[in-house]
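**Q** 503 is the number that the working numbering gives to position 450 of the sequence shown; each next residue is one higher, with no gaps. Glycine included, every Cβ here is placed at the ideal spot set by N, Cα and C. On a predicted model such as this, the values are computed, not experimentally measured, just so you know. Please find one structure pasted underneath; my questions will follow.
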Amino acid sequence: MLPTLAAVASLTLAQGDVSILPEPRSIRVGEGTFQIRPDTVVVAPNDLRAKAEQLRGYLCPATGFELPIVGRRPRGKEAIVLAKDAKLAKLGQEGYRLVVNQTGVEIRSAGEAGVFYGIQSLRQLLPADVFRQAPIAGVRWAVPIVTIEDQPRFAWRGSMMDSARWFMPKEFVKKYLDLLALHKLNTLHLHLTDDQGWRIEIKKYPKLTEIGAWRAQTLVGHYSDNLKEAKYDGQRHGGFYSQDDLREIVAYAAARHITVVPEIEMPGHAQAAIASYPELGNTDKTLEVHQTWGVNENVFNVNESTILFLQDVLSEVLEIFPSKFIHIGGDECPKKQWRESPVAQARKKELGLKDEDELQSWFVRRMDTFLDGKGRRLIGWDEILEGGLAEGATVMSWRGVQGGITAAKAGHDVVMTPTSHLYFDYRQSRDPGEPLAIGGFLPLARVYSYEPIPDELSADEAKRVLGAQGNVWTEYISTPKRFEYFAFPRVCALAEIVWTPREQKDYARFVAALKVHGKRLAALDVNYRRPTEADATMPDRFEDEE
Ligand code: ACM
C-alpha cells in the first residue's frame with residue numbers, strides 16, 4: 054500500500070534528493086540507489102525504440118555513456134526497461150509507473166506519451182549535472198530507489214509564445230519546446246500574427262511576409278496613448294517562419310508529445326496583414342506594419358473577399374499544423390472602423406445583424422463553419438462570446454475567469470488563462486531592478502495559487518475546463534533570454550497547476566524543490582528569475598484581495 058500523502062511529502066523532503074517538478078501523484082522513496090553505468094542496457098520493444106533513443110540522447114552528453122538499446126533484457130543484466138502496459142490504462146495514455154530498484158529502472162505506461170513522461174521524471178531523479186552537455190568528472194549517476202505512479206490532472210497543459218511582437222527564432226522555439234516537455238506540458242500556442250508582424254509564410258499571399266514580417270522601427274520604453282513624446286529605436290525588425298520551418302517545429306514538438314496550436318489573429322490585431330494587402334482594411338489610409346503597442350483600430354473589413362482570403366490562409370495553416378484546435382484570436386477588436394465604414398454598415402444590414410458585436414460573431418462563425426468542415430475546432434479569446442458564441446467554439450478565458458464560466462455553463466469547452474494568474478509578461482516583483490514589463494504584478498506564489506476550476510461550476514460543467522495555459526506576450530520581451538526570464542520559474546508553477554492533483558499542491562514543498570530544479574535550469578542555460586525571500590512563502594492574501 055502507498056503511504057499517506059502527508060507521509061509521502063515528509064519522506065520526500067527528508068530524502069532531499071527527490072524533487073520532481075511537477076510533483077508526481079504518488080511517490081514512495083526507498084533505501085539506496087541504482088547506479089547507471091556505461092554498460093547499463095536500455096530495453097525497449099520496437100514501438101518504443103524512438104523513446105529509448107530519446108532517453109539515450111538525454112543521458113549521453115553528460116554521462117558520456119552510449120547506452121546499448123536492446124529488444125529483450127539479457128538475464129541478470131542491469132537495465133532501464135521501457136514498456137507499454139495495458140494494465141496501466143487507468144492512468145491514461147499520459148500516465149506512467151516508474152519503479153527503481155537495485156537492478157534497474159522500469160517505466161511502464163499504456164501509452165507512448167506516458168513512457169515519455171516517465172523518462173522526464175527519471176532525468177529529474179538523476180544529479181542535476183545530467184542536464185549538462187559535456188561529461189563532468191566524478192559524478193555518480195545514481196537514481197534513488199523509488200516507486201512513482203503518476204498521471205496529469207488536465208489534458209490541456211499549455212503555454213503561449215508571442216512571436217509576432219518580437220520574432221523568436223526557430224532554434225529558441227525548439228529550446229522552449231524542450232523546456233515545456235521537461236515540465237510535462239503538452240501544448241505550445243504560437244501567436245503568429247499581430248499588428249507588429251506576420252510570421253508565417255503563406256504561399257498564396259507572399260506579401261504577408263515580404264511586407265508584413267518587417268517593421269521599420271519600434272517604440273522605445275513603455276507604450277502610452279500619448280505618443281507625441283515617443284522615441285523609436287530606428288532599427289528595422291522582423292523575421293518569419295517558412296512553412297518548412299514550421300513543419301520542423303511541429304515535428305520537433307510531436308516527438309516531445311507537444312501539440313503546436315497556431316494562432317492567426319482576426320478580425321483585430323490585423324495591421325501587419327493590412328499593410329501587406331490594403332484591400333483587407335476599412336479605410337484608404339496607407340498603413341505600415343505597426344511600430345507601437347496597444348489596442349489598434351485597424352481591423353479586417355467584413356467583405357466576402359476578406360473572409361475568403363483568411364480561409365485561404367487557414368487552408369495553408371491546416372496543411373502545416375495537425376492540431377485539432379486552431380486559434381483565430383478574436384480579442385481586442387475595436388468596432389470604430391466598422392461603425393464608420395458604409396461598406397461594413399451595408400454588410401451588417403444585408404446580413405440582418407443588430408450591431409457590430411453581432412458582426413464580429415458572424416465573422417467568427419464563418420471561420421468556425423470553415424474549420425468544422427475540415428475536421429478541426431475553433432478556439433478564440435473570450436471576446437468571441439460577445440454577440441453570440443459560434444456553435445463549436447472553445448473559449449480561452451483571459452479577462453479573468455468569467456468568460457470561462459459563461460462558456461462552460463453554455464456547454465462549450467474552455468481553457469483558463471486569466472491575466473490575474475497566468476500572464477507571464479507581468480512583473481514578478483516590486484523591485485525597481487525588474488526589467489520593463491507591460492504592467493501588472495504576478496509573483497510566483499500568486500501563479501502557484503491558481504485553481505483552474507472556478508467554484509461557480511458544477512462537477513459536470515467543470516469537465517468543460519480542458520486545462521490552463523501561461524501566456525508570454527512579448528511587447529517588452531525582445532530576446533529569447535528575456536523571454537526565459539519572464540517565463541521561468543512561473544512555467545514551473547504552471548506545471549503543478551495543470552499536472553499535480555489539487556490536494557497535493559504545497560507551496561513550501563514547491564519552493565524547496567525549485568532550489569534543486571534551478572540547478573537543472575541553470576545547466577540548461579535558462580535565464581530564469583532566481584526566487585528571493587519575498588517568493589519563499591505564500592502570502593495569506595494578495596494585494597488586490599486586501
Ligand atoms: C490578450 O491578452 N489580448 C488576449
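May I ask which residues mark the beginning and end of the alpha helix (DSSP H) holding H474?
**A** Its alpha helix (DSSP H) spans residues T472 to L475.
**Q** Go through its chain and collect everything with a Cβ distance to E596's Cβ below 6 angstroms, but skip five positions before and after it.
**A** Nothing listed; no residue qualifies.
**Q** Assign V500 to one of two classes, buried (16 or more other C-beta atoms within 10 Å of its C-beta) or exposed (fewer than that).
**A** Per the 10 Å Cβ criterion, buried.
**Q** Excluding sequence positions up to five away, which residues of its chain have a Cβ less than 6 angstroms from the Cβ of S414?
**A** Same-chain partners within the cutoff: G440 and G441.
**Q** Let me know the alpha helix (DSSP H) ranges lying completely inside the segment 90-138, each 4 residues or longer, listed in chain order.
**A** DSSP runs (the alpha helix (DSSP H)) wholly in the segment 90-138: 102-116.
**Q** For G457, name the three-state secondary structure that DSSP assigns.
**A** In this structure, G457 counts as helix in the three-state DSSP scheme.
**Q** Closest by CA to D384, which one among I360, A323 and R429?
**A** Taking only the C-alpha atoms, the option nearest D384 is A323.
**Q** My parser needs the alpha helix (DSSP H) runs of 4 or more residues fully inside the segment 490-528; what are they?
**A** Complete alpha helix (DSSP H) runs here, min 4: 497-501 and 512-515.
**Q** Using a Cβ-based criterion (distance less than 7 angstroms to any ligand heavy atom), does E84 qualify as near the ligand ACM?
**A** For the ligand ACM, not one heavy atom lies less than 7 angstroms from the Cβ of E84.
**Q** On the three-state DSSP scale, how would you describe P584?
**A** Of the three classes helix, strand and coil, the one that applies to P584 here is coil, per DSSP.
**Q** In the DSSP assignment, the alpha helix (DSSP H) including A163 goes from what residue to what residue?
**A** No alpha helix (DSSP H) contains A163, which DSSP labels as neither H nor E.
**Q** Scan the segment 253-298 and note each continuous alpha helix (DSSP H) run of 4 residues or more that stays entirely inside, going in chain order.
**A** With a minimum length of 4 residues, the continuous alpha helix (DSSP H) runs that stay inside the segment 253-298 are 260-263.
**Q** I'd like to confirm something about W219: is its beta-carbon nearer than 7 angstroms to some heavy atom of the ligand ACM, or not?
**A** Because no heavy atom of the ligand ACM lies under 7 angstroms away, the Cβ of W219 does not count as near it: no.
**Q** Counting C-beta neighbours from all protein chains within 10 Å, is the total for T527 16 or more, i.e. buried, or is it exposed?
**A** Buried, since its Cβ has 16 or more Cβ neighbours within 10 Å.
**Q** Let me know the secondary structure DSSP gives Q413 once reduced to three states.
**A** In this structure, Q413 counts as helix in the three-state DSSP scheme.
**Q** Near the ligand ACM, which residues have their beta-carbon less than 6 angstroms from any of its heavy atoms, given in chain order?
**A** Qualifying residues come out as D384, E385, W434 and W451.
**Q** Quick one: residues in its chain with C-beta nearer than 7 angstroms to the C-beta of A59, no 5 flanking neighbours on either side, listed in chain order?
**A** Residue confidence for A59 is low, a pLDDT of 44 falling below 50, so the modelled location carries little weight and cannot support an answer.
**Q** Report the three-state DSSP secondary structure of Y229 (helix, strand or coil).
**A** Here Y229 sits in helix by DSSP.
**Q** DSSP state of P197, grouped into three classes?
**A** P197: strand per DSSP, three-state reduction.
**Q** Might you give, ordered along the chain, the residues of its own chain that have their beta carbon closer than 6 angstroms to the beta carbon of K572, omitting 5 neighbours on each side?
**A** Closer than 6 angstroms at Cβ, skipping near neighbours: A181.
**Q** Would DSSP call E224 helix, strand or coil?
**A** Correct three-state label for E224: helix.
**Q** Taking 8 angstroms as the cut-off, does the segment 208-226 touch the segment 182-194 (at least 3 CB pairs, one atom from each stretch)?
**A** Counting Cβ pairs under 8 angstroms, fewer than three are found: no touch.
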